[in-house]
Every structure is written in structure tokens, then in C-alpha cells.
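One structure below.
Protein chains: 2
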Amino acid sequence: MAKAEVAIRRRAPSKKSLETKARILDAAETLFARRGFDGTSVRDIAKLAGVQVALVHHHGGPKEDLFHQVISRRAKPLSDLRLTALESLKSAGEGLTVRAVLACFVEPFLDRTLKDEAPWRAYGRLIALVSADERWREIAADCFDPTAAVFVDELSELMPEATRLQVSSAFVFMVSGMLALTASSWRIGAVAQSDDAADLSGTLLDFCEAGFSSVCGGANPSA
Amino acid sequence: MAKAEVAIRRRAPSKKSLETKARILDAAETLFARRGFDGTSVRDIAKLAGVQVALVHHHGGPKEDLFHQVISRRAKPLSDLRLTALESLKSAGEGLTVRAVLACFVEPFLDRTLKDEAPWRAYGRLIALVSADERWREIAADCFDPTAAVFVDELSELMPEATRLQVSSAFVFMVSGMLALTASSWRIGAVAQSDDAADLSGTLLDFCEAGFSSVCGGANPSA
DNA sequence: GCTTAGTCTGAACAATTGTTCAATATAAGA
DNA sequence: TCTTATATTGAACAATTGTTCAGACTAAGC
Chain A
1 MAKAEVAIRR
11 RAPSKKSLET
21 KARILDAAET
31 LFARRGFDGT
41 SVRDIAKLAG
51 VQVALVHHHG
61 GPKEDLFHQV
71 ISRRAKPLSD
81 LRLTALESLK
91 SAGEGLTVRA
101 VLACFVEPFL
111 DRTLKDEAPW
121 RAYGRLIALV
131 SADERWREIA
141 ADCFDPTAAV
151 FVDELSELMP
161 EATRLQVSSA
171 FVFMVSGMLA
181 LTASSWRIGA
191 VAQSDDAADL
201 SGTLLDFCEA
211 GFSSVCGGAN
221 PSA
Chain B
1 MAKAEVAIRR
11 RAPSKKSLET
21 KARILDAAET
31 LFARRGFDGT
41 SVRDIAKLAG
51 VQVALVHHHG
61 GPKEDLFHQV
71 ISRRAKPLSD
81 LRLTALESLK
91 SAGEGLTVRA
101 VLACFVEPFL
111 DRTLKDEAPW
121 RAYGRLIALV
131 SADERWREIA
141 ADCFDPTAAV
151 FVDELSELMP
161 EATRLQVSSA
171 FVFMVSGMLA
181 LTASSWRIGA
191 VAQSDDAADL
201 SGTLLDFCEA
211 GFSSVCGGAN
221 PSA
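So the sequence lines, in the order shown, correspond to chains A and B.
Quick note: the first sequence uses the UniProt record's numbering, first residue 1, plus one each step.
Quick note: the second sequence uses the UniProt record's numbering, first residue 1, plus one each step.
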């Protein structure tokens, strides 16, 4: 991350400067999502944010740091949404099914990236990009792996017969389906007409619930 | 595609020149897969191929055309593998199950991108990139949609209760899982130790067979 | 109100980008 | 063998890239 994070601040950043930084991150998020890291220039970001090129560096540091900041900015809130959903499900005492746990992971993401405001839509596509590119492995590990581990643990407890590899594999399949919905739902040809996001989300859960039970259920794993 | 494709040839290309072109496409494939379209420069490709920069243009045309050629070069053979597998399955008279049809689509791809030679591994990652980026929608439609349509048709016949949207959605989930295995199997933490590709391929089929039967089976779709 | 850390501007840097062109070497077709 | 279409070279083009810097502006903290 940028050295600005480490430097000793003698004055609190003004509200206006915080707004500027947010505007820069928003612009970067939009463009990185649309054209990828290498397809986006710092100048494009500056132009969209309505600021000078040097100001992007001032607030975001080198381009790679800026990218990292864009990813991590929404990662924490997203993880919180997922983990609190899981916590409240567990504290409910009943209904702790595989499907319900999967929903705690999938729905906070899809609710925002499919239906909600534009920034989250862009962020969704961006996550799909990051997850597909081994180049950003560190960023992905930093921002998403801890929460994913919690869910894999929970699922493993719910399906004690399954090996860790089986649960992890099924989890990756589910994540890939979730990201496909956000980033390339246009692949589902007819989907354009039916804009009911809840349907897609539900279909994904149907698909993955059955998939998990098949892969991680009590069936003979070697046959 | 390049105008070179349209131009009237008065002489057959020499064997050496065909080799050069193949070498350029190989280099482009490797680098595009590793760093994406924008992250790869024509000069990088030329250097890896051991030729002059201008020669890349001579054989591949503009960068976008070169990219298109790299994708389509292996698309035809791949489609043939899938379609002949499906044909021989159908002509066998029996065993025409959902899982068997899915295997006809998945296995020709995973067998090569997971186990086989390096060029196919790179190609697999490249397809994942193309599929995730709406920018290459035309290329993807050109190279893969026709074959995909055949399989969706076949699956729809096997599961007549399902709507086209349900089959398409499930199919997209399966494709996304398949691409995740090729391009980001590192996401499955422990997978590095078990290098048995057949296991992953089989796990994906288990997962998707159950998913299809859940989403496209006779269950009440609106409840 | 003064001081100055922090914000912002405008311009410039060197490096790299995709593409083009004239000239040379090579080999296919007569 | 001779002609010439094609393959290949080397150099150059203008445009864009990420980054930096000195100076002007603004407002936070005394």
C-alpha cells in the first residue's frame, strides 16, 4: 500500500480532501472494472474524477497501490455483511443448513452487484477480474481469503464426511458461479429479458446446494 | 480479422513462413494468457517469437486481429472434439444421460488445459480471460456460442420440464466452474498437492450433474 | 491572524506503446 | 534461370504511458 498510510500525519485531512480521494477511488473503480488494470490509464482516472493527474498520485500513490485501495475499500464492509449474516444465522439456533450458510456468503454480494447502485456493480465486475488473474493473487488473499476460510470451516462442520479438498472445490465452483452472474450474466442469452435478480440468485443457490450435497455428501468418494 | 485473410494470394506461403506465423501465434498466446491483452505489448511478442516487431504486424495484422486469431486458432479443433464426443455418445444408443453430455463438453477442454502440453494450458487461461471480459463478447460469440447452443439444445431435450433460461443458467454455472479449474485452481488451497486432474474434473461433473438436476429437474420452479 | 502541513495545479520527464515504411533477402512459379 | 511476390529487417513515427517536481493555493492548529 501507499507510503501515505505509514507517514505521520500532523494535520487531519480536510473533509474536502476526503471527498476528492473518494471521487478518485470511484473513478478508478469504474474504469478498472470496465477496462482492467492495464487498459486503464491514470489520466483516464484523473479526467473522470475531474482532477489533475498528479493529484491521483498524491491520493492514491503508484497505480498498483491505487488498485489495491480500490479493491480493499469495499472488501471490509462486504466481509462484515457476510460474517454478521452468518453469525445471526448461527445464533438463531435453528435453520443452520448448507443452503442457508451459502446464502450468507452469496446474497450480500449479489444483492448489491446485481440490483444496487452503480458503484457496487462496478466493484462486482472488478472482483471477477481480480479473482481470474493470478497477478492479483496477493490482493485477493488479503481481502477475501480470511472470510472464505470461515465459511469453508462452517461448511466442513456441517458436512463432516467431506474432505477439506472436496469442500474447497465445491466452494470455488460456487464462487465462480457467483462471479459469472455479476460479471458475465450476458452469457445467459435470454437473461436480458428477465431482470429479476432474485431469480438468478435463487437459481445459483439451488444449483450449488445440490452440488455441495453431491460432492460433500455421504456418497462414496472414490467410486 | 486481418485484411491479409481477404487479399488475393498469388503464391502459396512457404513452409518456413507458416512456421514463423505459428511461432508468433504461440508467443502471443503465451503472453496474452499471462498478462492479458493490454498487459502484453507487440514488442514482447516479437521478442519471445525471436522476430522483428514489424513481422508480427505482417503476419498477425493489428494487435486486436492477432488476438482474435490466437483465440480462433484452437477454437475449431476444440469444438470438433466436443461435437464428435457428443455425436458418438448419441450414436451409441444408450447412456445418453445429462452427466454424459456434460462430460462431452467439459472433458475435451479440461483434459488438455489441466494435463496436456503448455500451449493448451495457456489457451485455457486465455479463454477464461475472454469469457470474463465483455470487451471480447464478439470473439466469444463467434468462437464458442454455436457449440454451446448445440449442447444447451441437447440438454433441453433431456430435461423437457426445464425452461430455456434454467438450462442456460445452469450451463453458465458449469462453464464458469470449468474455467475456474483451468485458470484459478490455485484458489482451491490444498489443490497444489493433489495433481490428479481427473479428480477435479470428476468433482466438477459431480457438482454440476446434481446442480442441473436440481435446477432443471421436475421440481416446482416458482416455489 | 499567522504559520505551515497538506492540497492542488501545470508542466515536464523518460520510457513504452501500436503502427508504418523503405529497403533487403528469400524462395515460389514461369 | 529469371522474375517477382512474399518474407524479413531496421529504423522511425506520433501518441500515450506512469511518474515527478516546483510552485501556488487552502485551510487546520496555534
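Just so you know, even glycine gets a beta-carbon here, dropped at the ideal spot from N, CA and C.
Extent of the continuous alpha helix (DSSP H) to which residue i belongs
| i | result |
| --- | --- |
| glycine 60 of chain A | 53 to 60 |
| isoleucine 45 of chain B | 42 to 49 |
| glycine 120 of chain B | Reading off the sequence, residue 120 of chain B comes out as tryptophan, not glycine. Tryptophan 120 of chain B -> alpha helix (DSSP H) spans 118 to 132. |
| lysine 63 of chain A | 63 to 91 |
| aspartate 38 of chain B | Segment: none, aspartate 38 of chain B is in no alpha helix (DSSP H) and carries neither H nor E. |
| arginine 137 of chain B | 137 to 143 |
Test: residue i CB closer than 8 Å to a CB of chain A
| i | result |
| --- | --- |
| glycine 36 of chain B | yes |
| phenylalanine 67 of chain B | no |
| glycine 95 of chain B | no |
| leucine 18 of chain B | no |
| residue 224 of chain B | Summary: the structure shown does not reach residue 224 of chain B, with chain B confined to residues 1 through 223, and so no result is reported for it. |
| residue 258 of chain B | The shown model of chain B, from 1 to 223, leaves out residue 258 of chain B, and the question about it has no answer. |
| valine 215 of chain B | yes |
| alanine 124 of chain B | A small fix is needed here, since residue 124 of chain B is glycine in this sequence, not alanine. No, because no Cβ of chain A sits closer than 8 Å to the Cβ of glycine 124 of chain B. |
| serine 168 of chain B | yes |
| threonine 203 of chain B | yes |
| serine 131 of chain B | yes |
Residue i at chain B interface by Cβ criterion, 8 Å
| i | result |
| --- | --- |
| isoleucine 188 of chain A | yes |
| leucine 200 of chain A | yes |
| glycine 50 of chain A | no |
| residue 312 of chain A | In this structure chain A extends from 1 to 223, so residue 312 of chain A is not present and cannot be described. |
| phenylalanine 173 of chain A | yes |
| serine 176 of chain A | yes |
| arginine 137 of chain A | yes |
| alanine 128 of chain A | yes |
| alanine 210 of chain A | yes |
| alanine 100 of chain A | no |
| glutamate 134 of chain A | yes |
| alanine 180 of chain A | yes |
| glycine 60 of chain A | no |
Proximal residues to residue i (C-beta, below 6 Å), its chain only, five neighbours per side dropped
| i | result |
| --- | --- |
| glycine 124 of chain B | Thr113, Thr182 |
| arginine 23 of chain B | Ala49 |
| alanine 28 of chain B | Ile45, Leu66, Val70 |
| leucine 81 of chain A | Pro108 |
| arginine 10 of chain B | none |
| valine 191 of chain B | With a pLDDT of 40 at valine 191 of chain B, under the threshold of 50, the modelled position of this residue cannot be trusted; read the value that follows with caution. The answer, listed in chain order, is Ser185. |
C-beta atoms of residue i and residue j nearer than 8 Å
| i | j | result |
| --- | --- | --- |
| methionine 159 of chain B | cysteine 208 of chain B | no |
| valine 172 of chain A | serine 156 of chain A | no |
| valine 215 of chain A | serine 169 of chain A | yes |
| glutamate 154 of chain B | valine 101 of chain B | yes |
| leucine 31 of chain B | leucine 48 of chain B | yes |
| proline 119 of chain B | leucine 78 of chain B | no |
| alanine 103 of chain A | leucine 165 of chain A | no |
| alanine 162 of chain B | serine 213 of chain A | no |
| lysine 21 of chain A | histidine 59 of chain A | yes |
| alanine 132 of chain A | alanine 132 of chain B | yes |
| glycine 36 of chain B | glycine 93 of chain A | no |
Cβ neighbours of residue i in the same chain (closer than 7 Å, five flanking residues each side left out)
| i | result |
| --- | --- |
| valine 42 of chain A | Val53, Val56, Lys63 |
| valine 152 of chain B | Val167, Ser168, Phe171 |
| arginine 73 of chain A | Leu25 |
| methionine 178 of chain B | Val106, Phe109, Leu110, Leu204 |
| alanine 128 of chain A | Leu179, Thr182, Ala183 |
| alanine 85 of chain A | Cys104, Pro108 |
| phenylalanine 144 of chain B | Ala75 |
| lysine 90 of chain A | Leu96 |
| arginine 99 of chain B | Leu205, Glu209 |
Residue i - DSSP class collapsed to helix/strand/coil
| i | result |
| --- | --- |
| arginine 11 of chain A | coil |
| threonine 30 of chain B | helix |
| threonine 203 of chain A | helix |
| leucine 96 of chain A | coil |
| phenylalanine 109 of chain B | helix |
| glutamate 161 of chain B | coil |
| glycine 217 of chain A | coil |
| isoleucine 188 of chain B | coil |
| glutamine 193 of chain B | Reliability of the predicted coordinates at glutamine 193 of chain B is poor, the pLDDT of 49 falling under 50, and the value obtained from them is presented with this limitation in mind. Three-state result, glutamine 193 of chain B: coil. |
Own chain partners of residue i with C-beta closer than 8 Å, once the 5 adjacent residues on each side are dropped
| i | result |
| --- | --- |
| leucine 83 of chain B | Thr147, Val150 |
| leucine 126 of chain B | Glu29, Phe32, Ala33, Val70, Ile71 |
| threonine 40 of chain A | Ala28, Leu31, Phe32, Arg34 |
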